[in-house]
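Here is the structure we will look at.
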Amino acid sequence: MICPYCRTSLPEPSPRYCTSCGGDLQVATPPADPTPLPAPAWTPSSSEPESGASRPDRGTPWEQRGRLGLATALIETTKGVLLTPTRFFDAMPTTGGIGAALAYGVLLEYVATVVALLYQLVWFRLGGVDLEQFRGTPFEGAMLFATGPWMVAIQLVLGPVFALMGMFVRAGICHLGLLLVGGAKQGFEATLRVVCYSAAGTLMLLIPLCGQYAAGLYVLVLMIIGVSRAHGIGGGRATAGVLLPLVLVFCLCCAAGAGIALLAGFSAASLHR
Amino acid sequence: MMAVDLSAPTPAVRFEARRGAVPLGLIFGGMGLLGALAVGLLQLDNLGFSVCTLKTFTGIPCPTCGGTRAIGCLARLDLLGALRMNPLVTIGALSAIPWLLADLVLLLRGRALDVSISPRMASVLRVLTVAALGFNWLYLLLAGR
Chain A
264 MICPYCRTSL PEPSPRYCTS CGGDLQVATP PADPTPLPAP AWTPSSSEPE
314 SGASRPDRGT PWEQRGRLGL ATALIETTKG VLLTPTRFFD AMPTTGGIGA
364 ALAYGVLLEY VATVVALLYQ LVWFRLGGVD LEQFRGTPFE GAMLFATGPW
414 MVAIQLVLGP VFALMGMFVR AGICHLGLLL VGGAKQGFEA TLRVVCYSAA
464 GTLMLLIPLC GQYAAGLYVL VLMIIGVSRA HGIGGGRATA GVLLPLVLVF
514 CLCCAAGAGI ALLAGFSAAS LHR
Chain B
-15 MMAVDLSAPT PAVRFEARRG AVPLGLIFGG MGLLGALAVG LLQLDNLGFS
35 VCTLKTFTGI PCPTCGGTRA IGCLARLDLL GALRMNPLVT IGALSAIPWL
85 LADLVLLLRG RALDVSISPR MASVLRVLTV AALGFNWLYL LLAGR
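Heads up: the sequence lines are chains A and B, in that order. Be aware that the first sequence starts at 264, since it is given in the numbering used here, and climbs by one per residue. Be aware that the second sequence starts at -15, since it is given in the numbering used here, and climbs by one per residue.
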C-alpha cells in the first residue's frame, strides 16, 4: 500500500497511521491509480519459462523454493547475497512473513557453526591451543568447558535454537540502532529479514583459522548494505545504525572491526545508491 | 477522493492488537526469561572475571557492565539489587514483562501487540534514549561497576 499523503510504501497489513508522515490512513482513500512500484532488480536464473497468464513471482529465490527446488533456491539465494548483495536486498520484499527468512538464516548459521566446530576440534587435537597456560587462572574452568565434549554436544544439539535466538537478538539490536539514528523507515520485519539473509556471510567460517574474523566482518557489511536498501536510507545512516549498538556494547573489542566494517559498508552502500 | 483533514491530531503512541503481527514481546520476553534462568542456574553473574573487553583493557566499564549481574539479581527477585547493578538494563528487562504478557494473551486470538509512534514522539524518544544511555553510563562509572 502507498500512503496517499507522502507516497511512502507501507507494509501490509497497513498501519492506521503512516509511519513516515503520520497521516491517518483510515480517513483518505488511496488514489485510484497508484504509481506502480518499480520491478525488482533481481530475477531468478531458473530456466523454467514463466506462464503468460501468471503474475511475476515475488520474493527471494529461497522464498520461491517451491517453484525452483530446494537446492537451486538455496544456492541462488546464497550467491545473490554474497556476490550481488545490493541487487539482492533491492529485490528482497520487506514484508510477507519471517518464517522462510528465519529458516534460511538458521540453516546457514548452523552449517557454518558445525564446520567451525570441526575445525576447532582438529585444531585442539593438533595442539593449536595450549590449555596449560590457563591453569590456575580464573579462565581455567571456562576454557576447559568451552573445549570439552559438553560444549560440542550443546552446540550440535542446540545450535539451531541458538542461531534462531541470535537472529532475533541481532535484529533487535540493529533495529534499536536504526531507531536511534532515525533510519527505521520500515518495520522490524524488514530488519529481521536483512539479518537472516546476511547470515550467508557466516559461510566464511568455512575458511580455516581466519574465517571467524572474515565471517564477522562480512556479515556486518552485508547487514549495512541490507538495511540501507531495505529501509531506503543512505549508507552513512545504515552504517551508524548497525554499528552504533555494537560500539556501545562491545566498545574496544569491536572498535577495530567496526572501523574496517564502517569503511567497507559505507563505501559499498554509497556506491550502489 | 474524500476531503482530508491533515490537521487532525495523530496520537503520540498507539497500541493495537494486530492480526498477523510478529509477537515480538513473546519472543524477546521469552528469550529474556530463558537468559535469566541460565544466569540464575549457571551462576553466570559470578564468574570471578569480567567479560567486558573495555573494562579489562582500560578499567572503564562499558554501558552494559553489570547487566548480567542485574539479570542475576532479577532471577533472585532482588529488584533493588538489580537497579543498583545497572538501572537501564533492569528497567529494560522489566518493561519486557507486560509486553510478553500482552502478546501471550493476544496469541490466543491470533493477534500480537503492535505499537505505532508518531514522528514527533519518535524524535522525543530518541533524545530521551540517548540521554538515558548517557546518564546510565555515568552512573556505572561513578558506582565503579
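Ideal Cβ positions, reconstructed from N, Cα and C, are used throughout, including at glycine. Everything numeric in this text was worked out from a predicted model, so none of it was measured.
Residue-level contact to chain B via CB, residue i, 8 Å cutoff
i, result
"Met428(A)", "yes"
"Gly489(A)", "no"
"Gly435(A)", "yes"
Residue-level contact to chain A via CB, residue i, 8 Å cutoff
i, result
"Arg110(B)", "yes"
"Ala79(B)", "One point to set straight first is that residue 79(B) is Ser, not Ala, in the sequence displayed. Chain A, which has no Cβ nearer than 8 Å to the Cβ of Ser79(B), makes this no."
"Val6(B)", "yes"
"Arg93(B)", "no"
"Met15(B)", "yes"
"Arg129(B)", "no"
Cutoff 8 Å; reference residue i; Cβ partners in own chain excluding five residues on either side
i, result
"Leu28(B)", "Ala22, Thr52, Gly56"
"Leu371(A)", "Thr341, Ala462, Ala463, Thr465, Leu466"
"Pro297(A)", "Confidence in Pro297(A) is poor, its pLDDT being 48 and thus under 50, which makes the residue's placement unreliable; the coordinate value appears in the next sentence. For Pro297(A), where only same-chain residues beyond five positions count, the Cβ hits under 8 Å are Ile265."
Reduced DSSP category for residue i - H, G, I as helix; E, B as strand; rest coil
i, result
"Arg95(B)", "strand"
"Val(-3)(B)", "strand"
"Asp320(A)", "Annotation note: pLDDT 48 at Asp320(A) (below 50); position unreliable, no value reported."
"Arg328(A)", "helix"
"Arg3(B)", "strand"
"Ser107(B)", "helix"
"Ser100(B)", "strand"
"Ile361(A)", "coil"
"Ile417(A)", "helix"
"Ile496(A)", "coil"
"Asp287(A)", "strand"
"Ser272(A)", "strand"
"Ile265(A)", "strand"
"Pro45(B)", "coil"
"Ser277(A)", "coil"
"Ser70(B)", "Checking the sequence shown, residue 70(B) turns out to be Asn, not Ser. Asn70(B): coil per DSSP, three-state reduction."
"Cys57(B)", "helix"
"Val482(A)", "helix"
"Thr347(A)", "coil"
"Leu122(B)", "helix"
"Pro356(A)", "coil"
"Cys437(A)", "helix"
Amino acids of chain A, ordered along the chain, whose beta-carbon sits closer than 7 Å to that of residue i
i, result
"Ile11(B)", "Phe431"
Residues near residue i in its chain [Cβ-Cβ closer than 6 Å; skip 5 each side]
i, result
"Ala434(A)", "Thr454, Leu455, Val458"
"Arg330(A)", "none"
"Ala501(A)", "Ile487, Val490, Ser491, Ala532"
"Ala96(B)", "Ala5, Pro7, Asp87, Leu90"
"Arg328(A)", "Ala336"
"Thr74(B)", "Ala54, Ala66, Leu67"
"Gly128(B)", "none"
"Pro(-5)(B)", "none"
Chain-ordered chain B contacts of residue i [CB-CB under 9 Å]
i, result
"Gly368(A)", "Ordered by position in chain B, no residue passes the 9 Å Cβ test against Gly368(A), which lies about 14 Å from the chain."
"Pro356(A)", "None at all; the shortest Cβ gap to chain B is about 15 Å."
Where residue i meets chain B, residues with beta-carbon distance less than 8 Å
i, result
"Leu443(A)", "Arg110, Thr113, Val114"
Same chain, Cβ closer than 7 Å to residue i, five either side skipped, listed in chain order
i, result
"Gln449(A)", "Pro274, Thr357, Ala493, His494"
"Pro621(A)", "Absent from the structure is residue 621(A), since the part of chain A shown begins at 264 and ends at 536."
"Asp98(B)", "Glu0, Arg2, Ala5"
"Gly94(B)", "Arg3"
"Tyr481(A)", "Gly464, Met467"
"His438(A)", "Ala447, Phe451, Thr454"
Contact list for residue i against chain B, beta-carbon separation under 7 Å
i, result
"Glu452(A)", "Val6"
Chain-ordered chain A contacts of residue i [CB-CB under 9 Å]
i, result
"Arg2(B)", "Pro276, Pro278"
Partner residues on chain E for residue i, Cβ-Cβ distance less than 9 Å
i, result
"Ile361(A)", "Here the protein chains are A and B, and chain E is not one of them."
Minimum C-alpha distance to residue i - residue among the options
i, options, result
"Gln539(A)", "Met264(A), Leu441(A), Trp325(A), Val374(A)", "Within the shown structure, residues of chain A are numbered from 264 to 536, placing residue 539(A) beyond reach of any answer."
"Gly24(B)", "Ala59(B), Thr48(B), Leu124(B)", "Ala59(B)"
"Gly442(A)", "Ala106(B), Gly13(B), Leu10(B)", "Looking at the sequence shown, residue 442(A) is not Gly but Leu. Selected option, being the one with the closest Cα: Ala106(B)."
"Arg(-2)(B)", "Val108(B), Ser100(B), Arg104(B)", "Ser100(B)"
"Leu61(B)", "Pro(-5)(B), Leu78(B), Glu0(B), Gly118(B)", "Leu78(B)"
"Gly343(A)", "Cys473(A), Cys437(A), Thr323(A)", "Thr323(A)"
"Met15(B)", "Pro348(A), Ala334(A), Val484(A), Phe431(A)", "Phe431(A)"
"Val378(A)", "Leu288(A), Val415(A), Pro276(A)", "Val415(A)"
"Leu333(A)", "Tyr367(A), Ile436(A), Cys473(A)", "Tyr367(A)"
"Thr349(A)", "Leu485(A), Val444(A), Leu469(A), Pro267(A)", "Leu485(A)"
"Asn70(B)", "Gly118(B), Leu17(B), Cys49(B), Cys36(B)", "Cys49(B)"
"Val420(A)", "Leu380(A), Gly445(A), Val385(A), Leu288(A)", "Leu380(A)"
"Gly474(A)", "Thr376(A), Ser277(A), Trp325(A)", "Thr376(A)"
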